[in-house]
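Numbering (the numbering used here), first residue to last: 1 to 201.
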């Protein structure tokens with residue numbers, strides 16, 4: 001029997017029934033179940049574990065109200081390198097007013113972020129991420145159970161998920177930038193030293 005099926009549904013309806021049951025209607029209108037229909041059918045009538053979480057990650061950009069331009073720009077260069085550009089603000093531009101800058105929220109799909117992480121061989125993990133998230137995402141794509149992946153890293157499933165979420169949050173701005181120009185961005189080929197799984201921490 002299939003151990004795990006990953007897909008991205010929309011929570012369409014939640015209904016409390018008179019018998020005490022809660023019915024949750026999930027609708028899949030994207031391609032996340034492509035090739036997985038038969039595997040999903042294997043779970044019919046069985047009790048499963050489900051975690052529901054947002055499909056997007058939010059990051060905030062400081063925007064100058066005077067110029068309507070962001071003060072910080074997350075850049076993914078055509079050679080795959082990444083950098084953060086900060087615009088120097090003068091007191092005249094700011095109007096000597098702390099209210100001259102507003103935080104604008106930007107939503108990025110986890111699908112886009114995960115695609116970026118899997119392709120971006122040039123990125124460095126933030127200090128708070130102690131596992132190879134790229135390798136984890138590849139293994140999830142291949143249908144491996146989170147329990148198995150977590151065991152290989154000597155962490156709990158909750159810890160594993162938390163590590164992935166930290167990486168997603170960190171790279172969301174870069175993934176957003178990359179998605180707008182990805183056809184022109186070429187990441188270096190992964191070397192043997194960049195192996196998908198780190199066996200030692």
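Beta carbons are placed, not taken as given, at the ideal position from N, Cα and C, and that holds for glycine.
{"query": "Hey, how far is the Cα of residue 156 from the Cα of residue 67?", "result": "47 Å"}
{"query": "At what residues does the beta strand (DSSP E) containing residue 109 begin and finish?", "result": "101-109"}
{"query": "Sorted by chain position, which residues of the same chain lie with C-beta nearer than 7 Å to residue 120's C-beta, five sequence neighbours on each side aside?", "result": "80 and 187"}
{"query": "Express the C-alpha separation of residue 126 and residue 150 in angstroms, rounding to a whole number.", "result": "19 Å"}
{"query": "Of all the beta strand (DSSP E) runs that stay within the bounds of the segment 27-102, which reach a length of 3 or more residues?", "result": "56-64, 72-76 and 82-86"}
{"query": "I need the straight-line Cα distance from residue 134 to residue 59, nearest angstrom please.", "result": "21 Å"}
{"query": "Count the other CB atoms within 10 Å of the CB of residue 27; is the residue buried (16 or more) or exposed (fewer)?", "result": "exposed"}
{"query": "Opposite residue 14 in the DSSP bridges: which residues?", "result": "24"}
{"query": "Assign residue 202 to one of three DSSP states: helix, strand, or coil.", "result": "Only positions 1 to 201 of the chain appear in the structure, and residue 202 is not among them; the question remains open."}
{"query": "Mark residue 43 as exposed unless 16 or more other C-beta atoms lie within 10 angstroms of its C-beta, in which case mark it buried.", "result": "exposed"}
{"query": "Any beta carbon of chain B sitting closer than 8 Å to that of residue 3?", "result": "Given the protein chain composition of this structure (a single chain), no chain B is represented."}
{"query": "Taking the alpha-carbon positions, what's the residue 3 to residue 171 distance?", "result": "29 Å"}
{"query": "Go to residue 134, then tell me how far its alpha helix (DSSP H) extends in each direction, as first and last residue.", "result": "133-141"}
{"query": "In terms of residue numbering, what span does the alpha helix (DSSP H) encompassing residue 120 cover?", "result": "Residue 120 -> no alpha helix (DSSP H), and no H or E assigned at all."}
{"query": "Taking the CB atoms as reference points, tell me whether residue 84 and residue 72 lie closer together than 8 Å.", "result": "yes"}
{"query": "Is residue 130 helix, strand or coil by DSSP?", "result": "coil"}
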